[in-house]
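Below is one structure, written out as C-alpha coordinates, with a few remarks after it.
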Amino acid sequence: MVEFRIDRRSGVATYLQIVQQAKQALRLGLLEPGDRLPTAREVVEATAINPNTVLKAYRELERDGLVEARRGLGTFVTRTLGGGTQADHAALRTNLTDWVTRARDAGLEKDDITALFTSVMEEMEEQDKGDHA
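Okay, so the sequence shown: first residue is 11 according to our numbering, each after it adds one.
Put into C-alpha coordinates, the structure is as follows:
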(Lines of atoms letter the chains of each structure in order from A and count residues from 1; the text may use other names and numbers.)
(Lines give C-alpha, C1' and ligand atoms only; values in the text may rest on other atoms or scores of the structure.)
Protein backbone atom coordinates (compact mmCIF):
# COMPACT_ATOMS: atom_id res chain seq x y z
CA MET A 1 0.00 0.00 0.00
CA VAL A 2 1.21 3.48 -0.82
CA GLU A 3 2.04 5.94 1.95
CA PHE A 4 1.62 9.59 1.09
CA ARG A 5 4.19 12.10 2.31
CA ILE A 6 3.30 15.76 2.43
CA ASP A 7 5.95 18.47 2.06
CA ARG A 8 4.38 21.61 3.49
CA ARG A 9 7.30 23.73 2.21
CA SER A 10 7.13 22.59 -1.41
CA GLY A 11 4.68 25.23 -2.60
CA VAL A 12 2.62 22.47 -4.26
CA ALA A 13 -0.98 22.18 -3.09
CA THR A 14 -1.43 19.26 -0.69
CA TYR A 15 -4.08 17.53 -2.78
CA LEU A 16 -1.79 17.76 -5.85
CA GLN A 17 1.03 16.14 -3.89
CA ILE A 18 -1.27 13.19 -3.22
CA VAL A 19 -2.32 13.03 -6.89
CA GLN A 20 1.31 13.23 -8.07
CA GLN A 21 2.47 10.56 -5.62
CA ALA A 22 -0.37 8.23 -6.60
CA LYS A 23 0.46 8.69 -10.29
CA GLN A 24 4.13 8.03 -9.62
CA ALA A 25 3.23 4.84 -7.74
CA LEU A 26 1.12 3.79 -10.75
CA ARG A 27 4.00 4.47 -13.15
CA LEU A 28 6.45 2.53 -11.00
CA GLY A 29 4.11 -0.43 -10.58
CA LEU A 30 3.79 0.12 -6.84
CA LEU A 31 0.03 0.41 -7.34
CA GLU A 32 -1.79 -1.91 -9.72
CA PRO A 33 -5.39 -2.37 -10.79
CA GLY A 34 -7.41 -3.80 -7.91
CA ASP A 35 -5.22 -2.27 -5.19
CA ARG A 36 -7.01 -0.19 -2.56
CA LEU A 37 -5.77 3.29 -1.75
CA PRO A 38 -5.49 4.19 1.92
CA THR A 39 -8.76 5.48 3.33
CA ALA A 40 -9.09 9.22 3.89
CA ARG A 41 -8.94 8.50 7.63
CA GLU A 42 -5.66 6.57 7.24
CA VAL A 43 -4.12 9.40 5.21
CA VAL A 44 -5.31 12.01 7.73
CA GLU A 45 -3.82 10.01 10.62
CA ALA A 46 -0.49 9.62 8.81
CA THR A 47 -0.19 13.19 7.51
CA ALA A 48 -2.37 15.41 9.72
CA ILE A 49 -4.15 16.99 6.75
CA ASN A 50 -7.82 17.81 6.27
CA PRO A 51 -9.96 14.84 5.14
CA ASN A 52 -11.52 17.02 2.41
CA THR A 53 -8.04 17.45 0.93
CA VAL A 54 -7.66 13.69 0.59
CA LEU A 55 -11.15 13.38 -0.91
CA LYS A 56 -10.35 16.14 -3.40
CA ALA A 57 -7.22 14.28 -4.51
CA TYR A 58 -9.12 11.00 -4.85
CA ARG A 59 -11.85 12.73 -6.89
CA GLU A 60 -9.15 14.09 -9.22
CA LEU A 61 -7.71 10.59 -9.65
CA GLU A 62 -11.22 9.30 -10.30
CA ARG A 63 -11.82 12.01 -12.95
CA ASP A 64 -8.60 10.86 -14.62
CA GLY A 65 -10.04 7.33 -14.74
CA LEU A 66 -7.31 5.91 -12.52
CA VAL A 67 -9.37 4.95 -9.47
CA GLU A 68 -12.94 4.11 -8.57
CA ALA A 69 -14.67 4.80 -5.25
CA ARG A 70 -16.78 1.90 -4.01
CA ARG A 71 -19.21 2.95 -1.31
CA GLY A 72 -18.32 1.36 2.00
CA LEU A 73 -15.32 -0.47 0.56
CA GLY A 74 -12.80 2.22 -0.35
CA THR A 75 -11.08 3.62 -3.40
CA PHE A 76 -9.56 1.13 -5.81
CA VAL A 77 -7.08 1.44 -8.67
CA THR A 78 -8.75 0.77 -12.03
CA ARG A 79 -5.80 1.20 -14.38
CA THR A 80 -2.09 1.84 -14.31
CA LEU A 81 0.22 4.32 -15.98
CA GLY A 82 3.49 3.86 -17.77
CA GLY A 83 4.88 0.95 -19.66
CA GLY A 84 7.32 -1.85 -19.25
CA THR A 85 7.34 -4.70 -16.80
CA GLN A 86 8.50 -4.82 -13.21
CA ALA A 87 11.64 -6.59 -14.46
CA ASP A 88 12.25 -3.78 -16.97
CA HIS A 89 11.83 -1.22 -14.20
CA ALA A 90 14.22 -3.08 -11.89
CA ALA A 91 16.96 -3.31 -14.53
CA LEU A 92 16.56 0.32 -15.56
CA ARG A 93 16.55 1.43 -11.92
CA THR A 94 19.85 -0.37 -11.37
CA ASN A 95 21.37 1.34 -14.43
CA LEU A 96 20.04 4.72 -13.36
CA THR A 97 21.37 4.25 -9.82
CA ASP A 98 24.81 3.50 -11.25
CA TRP A 99 24.59 6.59 -13.49
CA VAL A 100 23.53 8.85 -10.60
CA THR A 101 26.39 7.48 -8.49
CA ARG A 102 28.88 8.35 -11.28
CA ALA A 103 27.34 11.81 -11.64
CA ARG A 104 27.67 12.45 -7.89
CA ASP A 105 31.25 11.14 -7.95
CA ALA A 106 31.90 13.70 -10.73
CA GLY A 107 30.76 16.45 -8.36
CA LEU A 108 27.20 17.00 -9.60
CA GLU A 109 24.54 17.87 -7.05
CA LYS A 110 20.87 16.94 -7.15
CA ASP A 111 19.82 20.04 -9.13
CA ASP A 112 22.69 19.49 -11.61
CA ILE A 113 21.66 15.87 -12.14
CA THR A 114 18.00 16.84 -12.56
CA ALA A 115 18.90 19.54 -15.08
CA LEU A 116 21.10 17.15 -17.08
CA PHE A 117 18.47 14.41 -17.08
CA THR A 118 15.71 16.86 -18.09
CA SER A 119 17.89 18.27 -20.85
CA VAL A 120 18.52 14.82 -22.32
CA MET A 121 14.82 13.92 -22.10
CA GLU A 122 13.84 17.14 -23.88
CA GLU A 123 16.42 16.52 -26.63
CA MET A 124 15.08 13.01 -27.14
CA GLU A 125 11.50 14.29 -27.32
CA GLU A 126 12.55 16.78 -29.99
CA GLN A 127 14.28 13.99 -31.93
CA ASP A 128 11.14 11.86 -31.66
CA LYS A 129 9.06 14.74 -33.03
CA GLY A 130 11.49 15.11 -35.94
CA ASP A 131 11.35 11.36 -36.64
CA HIS A 132 7.54 11.52 -36.85
CA ALA A 133 7.33 14.67 -38.97
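Every residue, glycine too, gets a C-beta built ideally from N, C-alpha and C.
Phe14 carries a coil assignment under DSSP once its states are collapsed to helix, strand and coil. Per DSSP, Arg80 is one residue of the beta strand (DSSP E) stretching across 77-80.
Between Gly84 and Asp141, the alpha-carbon positions lie close to 45 Å from each other. C-alpha of Leu65 to C-alpha of Ala32: approximately 13 Å in a straight line. If you check the CB distance, Ala79 and Tyr68 come in under 8 Å.
Rounded to the nearest angstrom, the gap between the Cα atoms of Gly75 and Val29 is 12 Å.
Straight across, the Cα-Cα distance linking Thr104 with Ala35 is about 18 Å.
The C-beta distance from Pro48 to Arg89 rounds to 19 Å, too long to fall under 8 Å, and the pair is not in contact. Assignment of alpha helix (DSSP H) within the segment 44-72, counting only whole runs of 4 or more residues, yields 50-57 in chain order. DSSP places Gly84 inside the beta strand (DSSP E), whose first and last residues are 84-87.
Arg112: member of the alpha helix (DSSP H) spanning 96-115, first to last residue.
For Ala23, there is no enclosing alpha helix (DSSP H), as DSSP marks it with neither H nor E. Pairing Phe14 with Val77 gives a Cβ-Cβ distance that is not under 8 Å. Between Val12 and Leu38, the C-beta spacing is not below 8 Å.
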